[in-house]
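Before any comments, here is the structure.
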Amino acid sequence: MGRLFDFMFGSIQGEVEKIFTKDVTAAEKTAFEDEMKRLRESLSNGRIRMDRVQPLLRSIREVSEDEKVTPQETERLIHELRDVNRSVKR
2 MGRLFDFMFG
12 SIQGEVEKIF
22 TKDVTAAEKT
32 AFEDEMKRLR
42 ESLSNGRIRM
52 DRVQPLLRSI
62 REVSEDEKVT
72 PQETERLIHE
82 LRDVNRSVKR
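All residue numbers for the sequence shown refer to my numbering, where the first residue is 2 and numbers rise by one.
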């Protein structure tokens, strides 16, 4: 099941990255990519409870509804990704 969620978040990541606005900085893009990588690895290994991911999915849906992701929205996603990644079972 973890690999399915890894695949799903890989797809989500690609879609979000396509709609970053021009003013999203390289550092923000890198931080987003790094946190998504950590999340996907943890999902693939079954180390994150799915209830921890639900708020992140809602946020991704909210920020991407207008088909653009601004620097402020990128920072929001990075913050939420970090919160989820901190909950990883060791």
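The C-beta atom is built at its ideal place from N, Cα and C for all residues, glycine as well.
Let me know if leucine 1 comes out buried or exposed under the rule of 16 or more other beta-carbons within 10 Å of its beta-carbon.
Given a span of 2 to 91 for the chain in the structure shown, any question on residue 1 remains unanswerable.
Of all the options Glu34, Lys23, Asp52 and Lys19, which has the alpha carbon lying nearest to the alpha carbon of leucine 78?
Here the question's residue 78 lines up with position 77 in the sequence shown. Among Glu34, Lys23, Asp52 and Lys19, the Cα nearest to that of leucine 78 is on Glu34.
Would you kindly check if the distance between the Cβ of valine 85 and the Cβ of isoleucine 61 is under 8 Å?
For the purposes of this step, residue 61 is taken as residue 60 along the sequence shown, with counting starting at 1. For the purposes of this step, residue 85 is taken as residue 84 along the sequence shown, with counting starting at 1. Taking 8 Å as the Cβ cut-off, isoleucine 61 and valine 85 do not qualify as a contacting pair.
Using C-beta distances below 8 Å, list every residue in its chain close to methionine 51, excluding the 5 sequence neighbours before and after it, in chain order.
One-based indexing of the sequence shown puts residue 51 at position 50. Around methionine 51: Phe6.
Could you pull out every residue in the same chain whose Cβ sits closer than 7 Å to the Cβ of lysine 90, ignoring the five residues on either side in sequence?
Locating residue 90 in the sequence shown gives position 89, counting from the first residue. Taken in chain order, the residues that qualify are Arg48.
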